[in-house]
Amino acid sequence: MVELAAIGILVAFIVFGGMMMREVIPTFIALAGMAIAISIFGGLSPEFILNNVIQDGSMYLADAMIAAAFGGTLGVLAEKQGILEDMVKSAAELGGDSPLVMATALYTAVVVAATSISGLGAFILLATIIFPILISVGFPSKIAGGITLLAYGNGVMLNPSNWVFYREVTGISLDSVIVWALPVAGIAYVMGILYVFLQVRKPDVRETLAETDADVGATSTPKYALLAPLIPVGLVIADVMNVYAAFIVGIGFAAVFSQPGLQGIRNLGQTMGLITQSFHDGIKQVAPAIALMVAIGWLLEAVLADPISSTMEPLLMQIVPENMVLYAVVFSVLAPLALYRGPMNIWGLGSGIIGVLAAIGINPQLITTTAISALRVQAPGDPTNTHNAWAAEELDVNVNDITMNLLPYIWVIAIGGIITSVYLFGL
């Protein structure tokens, strides 16, 4: 019976995972269906499915949902008040006549912005400013998209709302996420700047760069308001306050100080209205991510149930290497499977897999940060991401061409993340 249950659970993973990866059904539906199918094959009672998988699972990632809403609010506020626009234009001005310096400054600006903003709208605003600047100084459209997406993927790993999600998936501490994220973000930044440098060095690009110039326009937002995206991540890293309070401080700072002089304080009613409307719009921006979190919660409640974890333990213990060198090699090779909502993608099929691995006794800090490492391939490179698909359409390039162009760099970042995971939590 145990063997039949294990086979049924694997079939559920494969069937629903395959439909999700091939986009036969939406990811939300696939994950929810997978959770119910696994529950049935694993022998969970109807009462357990209704009360634990569906009811408790819907709230499993509640903390991460609230953090995402705050991140979406700050993103909308930064978009409305011109903070993101002025951040990018200021970075372009710093670049002067050097395309390398300009691209590096723009890359850095996107990294900083992505540490706190959430939502497709904020990304679109950034990209619609950055793409013309990079193209006007001679970068091909595909490279302009690559620079922006790579920077965005670099920044989101430092986003506190994502940290809360990573923490909640297997119940590890926020400190464990932060101690992993900081060095890996450094690796990603170095690889991003290397990507920019190597593109500038290409002969055909250099020739075009020498013939072009860019006019980035003037900026109007008070310069100190540009600090708003850094406030939440800075307060959390410094352990001054929790993630939610840090976002509230960042939101308040952005709302007040993005207005000239003391207008944000004098017109307090208008400022409060701005914050309220931004909160409403921010929730709309992150609604797709929150919907995914509901389905992921169902899946985690299912795979963490004792009957299912005990059924899968004999099989998985034979697959996952105990030797940490071999572990690092295996997961480094598998990292690109985070693409197309694959088995290494914690926002898809991977959430169930790491849930099972944590339930059978594998160090949750190790397996969670390993999965997050694989996301370093997914975040900037997955063609199924809405921001990747939008960027490709906006630039009139094939979305898979952007992925293949970035893959060598993002794969190295993922490998660096996995090695960091093993060093911190596996040795």
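Going by this note's numbering, the first residue of the sequence shown is number 1, and it counts up by one from there. Glycine included, every Cβ here is placed at the ideal spot set by N, Cα and C.
Backbone CA spacing between residue i and residue j [nearest angstrom]
| i | j | result |
| --- | --- | --- |
| leucine 174 | valine 164 | 7 angstroms |
| leucine 357 | valine 256 | 46 angstroms |
| glycine 234 | serine 309 | 38 angstroms |
| leucine 424 | tryptophan 180 | 8 angstroms |
| alanine 64 | methionine 324 | 30 angstroms |
| glycine 119 | leucine 4 | 42 angstroms |
| isoleucine 413 | arginine 376 | 6 angstroms |
| threonine 212 | serine 258 | At threonine 212 the pLDDT is 49, less than 50, meaning the model places this residue with poor confidence; the figure from the coordinates comes in the next sentence. Whole-angstrom Cα-Cα distance: 33 angstroms. |
| glycine 153 | valine 111 | 8 angstroms |
| serine 421 | isoleucine 129 | 36 angstroms |
| alanine 268 | leucine 262 | Going by the sequence as given, residue 268 is leucine instead of alanine. For leucine 268 and leucine 262, the distance between alpha carbons rounds to 10 angstroms. |
| glycine 146 | asparagine 388 | 9 angstroms |
| tyrosine 409 | phenylalanine 131 | 20 angstroms |
| lysine 284 | threonine 115 | 19 angstroms |
| proline 321 | glutamate 168 | 25 angstroms |
| leucine 50 | methionine 34 | 15 angstroms |
| serine 278 | methionine 317 | 47 angstroms |
| alanine 113 | glycine 155 | 7 angstroms |
| valine 24 | glutamine 55 | 27 angstroms |
| alanine 359 | phenylalanine 16 | 21 angstroms |
| aspartate 306 | glycine 361 | 12 angstroms |
| alanine 289 | glycine 282 | 12 angstroms |
| isoleucine 14 | isoleucine 353 | 12 angstroms |
| proline 260 | glutamate 93 | 21 angstroms |
Proximity to residue i [Cα-Cα], best of the options
| i | options | result |
| --- | --- | --- |
| serine 328 | Pro314, Ser310, Gly417 and Ala287 | Going by the sequence as given, residue 328 is alanine instead of serine. The shortest C-alpha separation from alanine 328 is found at Gly417. |
| serine 98 | Gly138, Ile25 and Val76 | Gly138 |
| alanine 295 | Leu4, Leu31 and Leu274 | Leu31 |
| leucine 450 | Ala122, Ile143 and Leu120 | The shown model of the chain, from 1 to 427, leaves out residue 450, and the question about it has no answer. |
| leucine 158 | Val200, Pro232 and Gly119 | Pro232 |
| proline 364 | Asn267, Val177, Gly95 and Lys80 | Val177 |
| phenylalanine 41 | Gly8, Pro140 and Phe48 | Gly8 |
| valine 11 | Leu292, Val24, Ile38 and Arg22 | Ile38 |
| isoleucine 274 | Ile49, Asn388 and Gly75 | Residue identity check: residue 274 is leucine in the sequence provided, not isoleucine. Taking only the C-alpha atoms, the option nearest leucine 274 is Gly75. |
| proline 229 | Gln318, Thr108 and Phe13 | Thr108 |
| serine 332 | Thr370, Ala105 and Ala78 | Thr370 |
| glutamate 394 | Ile36, Ile124 and Val240 | Ile124 |
| glutamine 81 | Ala122, Leu366, Ile133 and Leu182 | Ala122 |
| glycine 171 | Pro343, Asp396 and Leu61 | Leu61 |
| leucine 134 | Asn162, Thr115 and Met102 | Met102 |
| tyrosine 166 | Ile367, Ala188 and Met241 | Ile367 |
| leucine 406 | Ser58, Gln199, Ile265 and Ile237 | Gln199 |
| methionine 21 | Asp281, Met344 and Gly95 | Met344 |
| alanine 78 | Gly342, Ile415 and Phe247 | Phe247 |
| tryptophan 411 | Ala225, Asn400, Gln378 and Asn51 | Gln378 |
| isoleucine 419 | Gly17, Ala105, Ser373 and Pro260 | Ser373 |
| isoleucine 237 | Asp281, Pro183 and Glu47 | Pro183 |
| valine 286 | Val196, Gly72 and Thr276 | Gly72 |
| glycine 264 | Ile25, Thr221 and Gln55 | Thr221 |
Element boundaries [alpha helix (DSSP H), containing residue i]
| i | result |
| --- | --- |
| lysine 223 | Taken as a continuous stretch (DSSP letters only), lysine 223 belongs to no alpha helix (DSSP H), as it is neither H nor E. |
| leucine 483 | Residue 483 is absent from the structure shown; the chain starts at 1 and stops at 427. |
| glutamine 365 | 364-381 |
| threonine 108 | 99-114 |
| glycine 342 | Element bounds for glycine 342: n/a, residue is neither H nor E. |
| threonine 420 | 399-421 |
| methionine 65 | 62-80 |
| methionine 157 | Careful: methionine 157 lies outside any alpha helix (DSSP H) and carries neither H nor E. |
| leucine 94 | 83-95 |
| valine 325 | 324-334 |
| leucine 310 | One detail in the question is off: residue 310 reads as serine in this sequence, not leucine. Per DSSP, serine 310 belongs to the alpha helix (DSSP H) from 306-319. |
| glutamate 394 | 386-395 |
| glycine 234 | 230-237 |
| aspartate 175 | 174-201 |
| proline 132 | 120-136 |
| phenylalanine 139 | No alpha helix (DSSP H) contains phenylalanine 139, which DSSP labels as neither H nor E. |
| glycine 43 | Careful: glycine 43 lies outside any alpha helix (DSSP H) and carries neither H nor E. |
| leucine 357 | 349-359 |
Supposed contact pair residue j and residue i - C-beta distance, whole angstroms, cut 8 angstroms
| i | j | result |
| --- | --- | --- |
| aspartate 382 | leucine 339 | 5 angstroms |
| alanine 151 | glycine 192 | 6 angstroms |
| leucine 117 | alanine 254 | Here residue 117 is isoleucine; the residue named in the question, leucine, does not match the sequence. The Cβ separation is near 10 angstroms, so there is no contact. |
| proline 160 | valine 243 | 4 angstroms |
| methionine 312 | alanine 6 | 6 angstroms |
| alanine 391 | leucine 227 | Not really, about 27 angstroms apart at Cβ, beyond 8 angstroms. |
Cβ-heavy atom distance, residue i to the ligand HEM, below 6 angstroms
| i | result |
| --- | --- |
| valine 286 | Inclusion of the ligand HEM in the displayed structure is not the case, the ligand content being empty and no account of it being possible. |
Problem set entry | Three or more C-beta pairs below 8 angstroms linking the stretch 56-69 and the stretch 82-96 | no
Exercise. Within the chosen definition, does the stretch 16-34 reach the stretch 349-365 through at least 3 CB pairs nearer than 8 angstroms?
Worked result: yes
Problem set entry | Inter-stretch contact at 8 angstroms, needing at least 3 Cβ pairs: the stretch 374-390 / the stretch 330-344 | yes
Exercise. On the three-pair Cβ rule with 8 angstroms, is the stretch 36-54 touching the stretch 299-308?
Worked result: yes
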